[in-house]
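Trainee:
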Amino acid sequence: MNAPSHPVEAKSAAQLERRLALVEALQAVLPTHALLWHTEDVTPYECDGLTAYRQRPMAVALPETEEQVQAVLRVCHALQVPVVARGAGTGLSGGAMPNADGVTLSLAKFNRILRVDPTSRTAVVQAGVRNLAISEAAAPFNLYYAPDPSSQIACTIGGNVAENSGGVHCLKYGLTLHNVLKVRGFTVTGEPITLGSDALDAPGYDLLSVLVGSEGMLAITLEVTVKLVPKPQLARCIMASFDDIQRAGEAVAAVIAAGIIPAGLEMMDKPMTAAVEDFVHAGYDLNAQAILLCESDGTPEEVQEDIERMSEVLRNSGATAISVSRDEAERLRFWSGRKNAFPASGRLSADYMCMDSTIPRKRLGDILQAIAEMERKYQLGCLNVFHAGDGNLHPLIMFDANDPDQLRRCELFGADILETSVAMGGTVTGEHGVGVEKLNSMCVQFSAEENEQMLALKRAWDPLSLLNPGKVIPTLNRCAEYGKMLVRSGKLAHPDLPRF
């Protein structure tokens, strides 16, 4: 083997030797163009959508066949080299951040839609297929794939499976888990594995539910069978303005309490509304303290009834203005702002960190008021947009990653949001995953015994902890150190929560 002219920097002679042995073994099973190891080649893979944390891998594998994926896994298992699977890199929790001593396994070339079956209303797609591409392929049959993350034009179905992604319509149609029938791939040792079935149920333990949302820690996903749903005959969207954030939050709870399940129920605060309006000109009310988007879909009769009922609830909850989309173009315009919230925010700040906690719907106003206090406490701005219908928050903390102090304050701000969400009866993540971002917060939500049970499940699938190690589940030592740090710094906002 010819040694690389510019290998990724090695920390020691032993590490360099290990890297060269790995590259030599991978060269034997991959075409030359499917293996990257030079610094300039692997740098684009050093992070996902969470750009504040970066790490170059020893090598990047870009297999083109299932046999090549299997061979890469067998090589890495034999050499005990960690493997981090990567899709489109749109994740926001650092789940695809490389391991410095490992291989990044890119599944970007697995981008074929294998079959669309309008009779069974299913599609079989490879892991690298974009979320939106599934709906585009199903459109001729008047079908579509329901989960629609904001990144759906770029994110892949394999990444959606890893994170159990949702989207603005998840309140009615569910998350990825509720829209996937079967997943096929490989275990860490390269053993083929199929979970779920083409039927609505499968014999044995429901391991598909274990795999979906496991963030690449249990197996490598290569092929997914998804459910398709009929396109509704009609969809209309209400845009409601509120002059008080608390009332807007209470309106969300009132809509659900009235027995209405909107197709989508989203909320944006005034700073976020201003950001997206300047970006896409969706026609938002810039004087409102908060805006709700409430959508109904179905038959024309169902939609008419829902729109009337929701409008009444929103008026009774204090809405200062209500607009209902008159046609499909206006409905899409209403949603264009919500769908472009993240890129619009990127125009206002050098960097932002998007949090992802959940709270009971009735506490939406409380958490927004708490976040406003945190903005003053940490001297950083925050734009708020979230899936109000299921209480999934997406606060975007604005900062400059080139300023170490701003990054430090941003991390504390984010941890405070997560800890406060747990104190309000919520969780530290809804759909973005834990990755590296929320490891410390997992110490706050779960006891040492609970984290150990999750680690035991990980070890059952991956005894050597080679698949995406060091993510999602914190070690006992990490939780102990985090607890000591909080006590020393006086940062325990809710001292009854941590169970270190």
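Numbering that gives the first Met the number 0 numbers the first residue of the sequence shown as 0 and each following residue consecutively.
Backbone N, C-alpha and C fix where the C-beta goes; we use that ideal spot for every residue, glycine too.
For the structure I just gave you, are there three or more beta carbon pairs, one from the stretch 126-144 and one from the stretch 229-246, closer than 8 Å?
Mentor: yes
Trainee: Here's the rule: buried if 16 or more other CB atoms are within 10 angstroms of the residue's CB, otherwise exposed. What is Arg-111?
Mentor: exposed
Trainee: Would you kindly work out how many angstroms separate the C-alpha atoms of Ile-237 and Glu-294, rounded to a whole number?
Mentor: So the two alpha carbons sit approximately 6 Å from each other.
Trainee: Can you give me the C-alpha to C-alpha distance between Val-302 and Arg-73, rounded to a whole angstrom?
Mentor: 53 Å
Trainee: If I'm right that Ala-318 touches Ala-239 with Cβ under 8 Å, what's the distance once you round it to whole angstroms?
Mentor: 4 Å
Trainee: At the level of alpha carbons, what is the spacing between Pro-81 and Arg-314?
Mentor: 55 Å
Trainee: Can you say whether Met-57 is buried or exposed, counting buried as having 16 or more other CB atoms within 10 angstroms of its CB?
Mentor: Classification for Met-57: buried.
Trainee: Under 8 Å, do Ile-306 and Met-354 count as touching if we go by C-beta distance?
Mentor: No; because the gap between Cβ atoms is not below 8 Å, this pair is not in contact.
Trainee: Grab me the residues of Ala-369's own chain with a C-beta within less than 7 Å of its C-beta, minus the 5 sequence neighbours each way, in chain order.
Mentor: Once the five neighbours on either side are set aside, the close Cβ partners of Ala-369 are Thr-419.
Trainee: Between Leu-35 and the rest of its own chain, which residues show a CB-CB distance below 6 Å, the 5 nearest in sequence each way excluded?
Mentor: Val-41 and Val-59
Trainee: Determine whether the beta carbon atoms of Arg-346 and Phe-278 lie at a separation below 8 Å.
Mentor: The answer is yes: Cβ separation under 8 Å.
Trainee: State the DSSP-derived secondary structure class of Ala-252, mapped to helix, strand or coil.
Mentor: helix
Trainee: Going by DSSP in three states, Arg-85 sits in which element: helix, strand or coil?
Mentor: In this structure, Arg-85 counts as strand in the three-state DSSP scheme.
Trainee: Could you give the distance in angstroms between the alpha-carbon of Leu-264 and the alpha-carbon of Gln-378?
Mentor: 30 Å
Trainee: DSSP on Cys-75, reduced to helix/strand/coil?
Mentor: helix
Trainee: Just the C-alpha distance for Tyr-351 and Phe-385, rounded to the nearest angstrom, thanks.
Mentor: 16 Å
Trainee: Does DSSP put Met-96 in a helix, a strand or coil?
Mentor: When DSSP states are grouped into helix, strand and coil, Met-96 belongs to the coil group.
Trainee: Could you check the C-alpha separation between His-76 and Gln-69 for me, to the nearest Å?
Mentor: 11 Å
Trainee: Using a Cβ-Cβ cutoff of less than 7 Å, which residues in the same chain neighbour Arg-325 once the five nearest sequence positions on both sides are dropped?
Mentor: none
Trainee: Assuming contact is defined by CB atoms lying nearer than 8 Å, are Glu-222 and Gln-67 in contact in what I supplied?
Mentor: no
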